[in-house]
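Trainee: To start, I am sharing the structure in question, which I have written as structure tokens.
Residue numbers (the numbering used here): 16 to 143.
Here you go:
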């Protein structure tokens, strides 16, 4: 199962979910009814798109849905960080890391440095 922000997804996305996620990642339509337009491209109704999107969030396949900004263009900075967390301390470490509002993503990895997370700050000084 996928794990996002330290909490496992309840299911794997099916093929339609994957197509929907891909459609929403790139060229989100800036029109009056964007979900209807995305649905039309995928052969889904607007209601089906919204229902599937909510299901992906509810099942923790997605942890958030919203715009992604190029923070460095706005004067900010981001950094990928990794730490080694003993299995016995995993839950506490997830809570501690995720308590920082600067943490944008947090993933478990099969690696000696088993927790990887992204910091996003308003200025480059926030990374140091």
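Every residue gets a Cβ at the ideal spot worked out from N, C-alpha and C, and that includes glycine.
Give the secondary structure of residue 51 by DSSP, where H, G and I count as helix, E and B as strand, and everything else as coil.
Mentor: Taking the chain shown and counting its residues from 1, one reaches residue 51 at position 36. Here residue 51 sits in helix by DSSP.
Trainee: Whole angstroms is fine: what's the gap from residue 132's alpha carbon to residue 112's?
Mentor: Within the chain shown, residue 132 is the residue found at index 117, counting from 1. Within the chain shown, residue 112 is the residue found at index 97, counting from 1. Rounded to the nearest angstrom, the two C-alpha atoms are 8 Å apart.
Trainee: Ignoring anything shorter than 4 residues or poking outside the region 25 to 84, list the alpha helix (DSSP H) runs there in chain order.
Mentor: As far as the region 25 to 84 is concerned, its whole alpha helix (DSSP H) runs of at least 4 residues are 30 to 40, 49 to 57 and 61 to 73.
Trainee: Closer than 7 Å to a non-hydrogen atom of the ligand SAH - does that hold for the CB of residue 98?
Mentor: In the structure shown, the ligand SAH is absent, as is every other ligand, since no ligand is present at all.
Trainee: Out of curiosity, what's the CA-to-CA distance linking residue 65 and residue 25?
Mentor: Residue mapping note: residue 65 aligns to position 50 of the chain shown, counting from 1. Residue mapping note: residue 25 aligns to position 10 of the chain shown, counting from 1. Straight-line Cα distance between these residues: approximately 19 Å.
Trainee: Can you give the beta carbon distance from residue 99 to residue 127, rounded, assuming they're within the 8 Å contact cut?
Mentor: In the chain shown, the residue the question calls residue 99 occupies position 84. In the chain shown, the residue the question calls residue 127 occupies position 112. Right, their Cβ atoms sit about 6 Å apart.
Trainee: Verify whether the separation of the beta carbon atoms of residue 47 and residue 54 is less than 8 Å.
Mentor: The residue you call residue 47 lines up with position 32 of the chain shown. The residue you call residue 54 lines up with position 39 of the chain shown. Cβ atoms of residue 47 and residue 54: not closer than 8 Å.
Trainee: Helix, strand or coil: how does DSSP classify residue 137 here?
Mentor: Sequence index remark: in the chain shown, residue 137 carries index 122 (1-based). Reduced to three states, the DSSP call for residue 137 is coil.
Trainee: In its own chain, which residues sit with a C-beta less than 8 Å from the C-beta of residue 61, not counting the 5 before and 5 after it?
Mentor: In the chain shown, residue 61 corresponds to position 46, counting from 1. The answer, listed in chain order, is 48, 50, 51 and 54.
Trainee: Please classify residue 89 as buried or exposed, where buried requires at least 16 other C-beta atoms within 10 Å of its C-beta.
Mentor: Here residue 89 refers to the residue found at position 74 when the chain shown is read from its first residue. Residue 89 comes out exposed.
Trainee: Taking the Cβ atom as the reference point for each residue, do residue 134 and residue 118 lie within a distance shorter than 8 Å?
Mentor: Reading the chain shown from its first residue, position 119 is the one you call residue 134. Reading the chain shown from its first residue, position 103 is the one you call residue 118. Cβ atoms of residue 134 and residue 118: closer than 8 Å.
Trainee: Using only the alpha-carbon positions, how far apart do residue 143 and residue 114 sit?
Mentor: Sequence index remark: in the chain shown, residue 143 carries index 128 (1-based). Sequence index remark: in the chain shown, residue 114 carries index 99 (1-based). So the alpha carbons of these two residues sit roughly 18 Å apart.
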